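As structure tokens, the structure follows; a few thoughts come after it.
Numbering (this note's numbering), first residue to last: 1155 to 1406.
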């Protein structure tokens, strides 16, 4: 798990002088807080959406919380967890550690190598997975097994603004959640904005606009999504400083 750099945090603070800034992530609030440099740093950001927006904060106040246990029910959850553990027990990898299934409010996060692996082990698995498609094969199996249960399975970061243009990323895990509970879930809390800019370090390297009505019937705004390379420089923020107050910049 990488923490935000000082340059990137400075960039977000400079952006916030001109536009509203929000953060959305699949992790719980504690992990997002750690990534952003602590609770004090996170509280300076207007919109914070942990677990893809299932837990939503505006100006430090909790405005919504949803729970996967209520949505799916205990019977389906246990069926899913048991199937995953059985599947993982039957695959051999160069290494395995611990915490293979992490239960969150909005999803199950499944890691074949185990979330307790070191950063070096994480990167080693990522390279191994590129060749052997461990996660891709697992997702294919899960989709077949749970085809009628209204579940989505994604490898790392994924937000389907259109079926043809998903965001993808992540290194060691698979996210499993009810249909529609991806990073687009947070958009229902952002209906006051005419334009929303999503960006991240592992999004598709393409720019496009798409009507949010395709995601939620309650939204009529437009989304501008763009690729942010790891070498993003603080002075690039000057480009985004030209937007108006009815726009929102939302790192993912």
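For every residue, glycine included, the Cβ atom is placed at its ideal position computed from N, Cα and C. Nothing here was measured: the structure is a model prediction, and the numbers come from that model.
*Name the residue from 1246, 1253, 1332, 1268 whose alpha carbon lies nearest to the alpha carbon of residue 1414.*
Not covered by the structure: residue 1414. The range shown for the chain is 1155 to 1406.
*Using DSSP with H/G/I as helix, E/B as strand and the rest coil, what is residue 1224?*
DSSP places residue 1224 in helix when its eight states are reduced to three.
*Could you check if residue 1281 is buried or exposed, using at least 16 other CB atoms within 10 Å of its CB as the buried criterion?*
For residue 1281, the number of other beta carbons within 10 angstroms of its own is below 16, and it is reported as exposed.
*From what residue to what residue does the alpha helix (DSSP H) around residue 1203 run?*
DSSP places residue 1203 outside any alpha helix (DSSP H); the residue lies instead in the beta strand (DSSP E), whose first and last residues are 1201–1204.
*For residue 1234, does the count of other Cβ atoms within 10 angstroms reach 16, so buried, or fall short, so exposed?*
buried
*asked:* Please identify the residue among 1308, 1244, 1269 whose C-alpha is closest to the C-alpha of residue 1256.
replied: 1269
*Taking 8 Å as the threshold, find out whether the stretch 1203–1217 comes into contact with the stretch 1239–1253 through three or more Cβ pairs.*
no
*Rounded to the nearest angstrom, how far is the Cβ of residue 1239 from that of residue 1330, given a contact under 8 Å?*
The distance from the Cβ of residue 1239 to that of residue 1330 is about 13 Å, inconsistent with a contact at the 8 Å cut-off.
*asked:* If you reduce the DSSP assignment to three classes, tell me which class residue 1285 lands in.
replied: helix
*If you count every other CB in all the chains shown that lies within 10 Å of the CB of residue 1216, and 16 or more means buried, which is it?*
The residue is exposed, with fewer than 16 neighbouring Cβ atoms inside 10 Å.
*Given that a residue counts as buried once 16 or more other Cβ atoms are within 10 Å of its Cβ, and exposed if not, what is residue 1372?*
For residue 1372, the predicted structure reports a pLDDT of 39, less than 50, and the residue's modelled location is therefore unreliable. The matter cannot be settled from this model.
*Take residue 1267 and list the residues in its own chain whose beta-carbon comes closer than 8 Å to its own, dropping the five residues that flank it on each side.*
1247, 1249, 1250, 1251, 1275, 1276, 1279, 1326
_I'd like the list of long-range same chain contacts for residue 1296, defined as Cβ closer than 6 Å, with 5 residues on each side in sequence excluded._
1307
*residue 1173 CB to nearest chain B CB: under 9 Å?*
In summary, chain B is missing from the structure at hand, where a single protein chain is found.
*Extent of the continuous beta strand (DSSP E) run through residue 1262*: 1262–1264
*Expressed to the nearest angstrom, what Euclidean distance is found between the alpha-carbon atoms of residue 1301 and residue 1334?*
About 15 Å.
*Within this structure, are the beta carbons of residue 1177 and residue 1162 separated by less than 9 Å?*
no
*Check whether the Cβ atoms of residue 1328 and residue 1285 sit closer than 9 Å, and answer yes or no.*
Against a cut-off of 9 Å, the Cβ pair of residue 1285 and residue 1328 comes out as no contact.
*Cβ-based neighbour list, residue 1213, same chain, cut-off 8 Å, excluding 5 preceding and 5 following*: 1200
*Would you kindly work out how many angstroms separate the C-alpha atoms of residue 1224 and residue 1350, rounded to a whole number?*
When the Cα atoms are used, residue 1224 and residue 1350 turn out to be separated by approximately 30 Å.
*With a cut-off of 8 Å on the beta carbons, I'd call residue 1198 and residue 1220 a contact; round off their distance for me.*
No, residue 1198 and residue 1220 are not in contact; Cβ-Cβ is about 25 Å, not under 8 Å.
*Looking at C-alpha atoms only, which residue of 1184, 1289, 1253 is the closest neighbour of residue 1272?*
1253
*With burial defined as no fewer than 16 other Cβ atoms inside 10 Å of the residue's Cβ, what is the status of residue 1337: buried or exposed?*
buried
*Within 10 angstroms of its Cβ, does residue 1348 collect 16 or more other Cβ (buried), or is it exposed?*
That one is exposed.
*asked:* According to DSSP, simplified to helix, strand and coil, what is residue 1187?
replied: helix
*By the 10 Å Cβ neighbour count, where 16 or more other Cβ atoms means buried, how is residue 1346 classified, buried or exposed?*
exposed
*Ordered along the chain, which non-local residues of its own chain (more than five positions away) have a Cβ less than 8 Å from that of residue 1160?*
none
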